[in-house]
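One structure is given below, encoded as C-alpha cells.
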Amino acid sequence: DAKTTQPPSMDCAEGRAANLPCNHSTISGNEYVYWYRQIHSQGPQYIIHGLKNNETNEMASLIITEDRKSSTLILPHATLRDTAVYYCIVRVGSGNTGKLIFGQGTTLQVKP
Amino acid sequence: DGGITQSPKYLFRKEGQNVTLSCEQNLNHDAMYWYRQDPGQGLRLIYYSQIVNDFQKGDIAEGYSVSREKKESFPLTVTSAQKNPTAFYLCASSKKNSGANVLTFGAGSRLTVL
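One line per chain: the protein sequences are A and B, in this order.
Just so we're aligned, residue 1 is where the first sequence starts under this note's numbering, counting upward by one.
Just so we're aligned, residue 113 is where the second sequence starts under this note's numbering, counting upward by one.
Right, dumping it as C-alpha cells:
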C-alpha cells in the first residue's frame with residue numbers, strides 16, 4: 001500500500017501562501033492523491049485531488065511532480081480559518097472500493 | 113441541503129454496555145465508511161460498505177459491528193468487546209465511480225466510556 005509522509009507541523013503568516021509538502025514515493029500509476037483538512041473536533045473536509053496533472057479549485061492548488069513521488073498543496077492566501085490538520089492521502093485499491101488511509105497529517109498554524 | 117448526519121454528537125456510557133452510533137446520508141452515495149480517531153492521531157478505518165447488505169472490515173474492526181440494510185443508513189455498534197471504546201467516531205460516504213473516491217464526512221460522534 002502506498003504511504004505518505006508529511007511534516008508534523010508548519011506555520012504560515014496570514015495572507016501569505018501556505019505550501020504543504022507530501023511524499024508518496026511508492027505511489028502506483030492509477031492511485032490518486034487526495035488532500036483533506038480537519039478543523040479541531042470536526043469531520044474532515046475534502047480539499048482537492050489529482051492523478052498526474054496539477055489541479056486548482058476555489059480552495060487550493062495541487063502540484064504533483066512529474067514522477068508523482070511527491071506533491072504540494074498550496075493555499076494561496078492563508079487566513080486564520082485555514083488553521084487545521086491537513087491530510088495527504090493516496091488511495092488504496094480501485095473504483096470506489098478503495099479505502100482512504102489517513103496518517104497523522106500536518107498541523108498548519110496560520111498566525112496573524 | 114444534502115449531507116451526512118451523525119447522532120448523537122456526544123455519548124456517555126458505562127463500561128460493558130453496547131452502544132449504537134447512527135449515520136444517515138441523503139447524498140445518494142453508494143459507499144459508506146466508519147473511522148475512529150483518537151486524540152492527536154489520524155483516522156483509522158473500522159468498516160466500510162460499498163452496497164446495501166454488504167460490508168467489509170477495515171483495519172480495526174474488532175469489537176465493532178455494522179449493518180447496511182438501507183442505502184442511506186450505516187449504523188455502527190460499539191460492543192463490550194471493544195477494549196478502548198472512548199474515541200471520536202466519523203462516518204463518511206462516497207459516490208460510486210471508476211475514478212476518484214471523494215469522501216464526504218459527518219460532524220462526528222464523541223463517545224466516552226466511564
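Glycine residues also receive a C-beta, built at the ideal position from the N, C-alpha and C atoms.
Asked: Element boundaries [beta strand (DSSP E), containing Thr198(B)]; Found: From DSSP, Thr198(B) is part of no beta strand (DSSP E); its letter is neither H nor E.
Asked: Assigned exposure category for Arg180(B) - 16 Cβ within 10 Å defines buried; Found: buried
Asked: Leu133(B) (DSSP reduced to helix, strand or coil); Found: strand
Asked: C-beta contact flag for His141(B) and Ser205(B) at 7 Å; Found: yes
Asked: Cα-Cα separation between Gln42(A) and Pro112(A), rounded to whole angstroms; Found: 23 Å
Asked: Cβ pair Ser61(A), Cys22(A) closer than 7 Å; Found: no
Asked: Simplified DSSP assignment, three categories, for Arg222(B); Found: strand
Asked: 7 Å Cβ cutoff, Pro21(A) in contact with chain B; Found: no
Asked: Under 7 Å between C-beta atoms of Ile163(B) and Tyr176(B); Found: no
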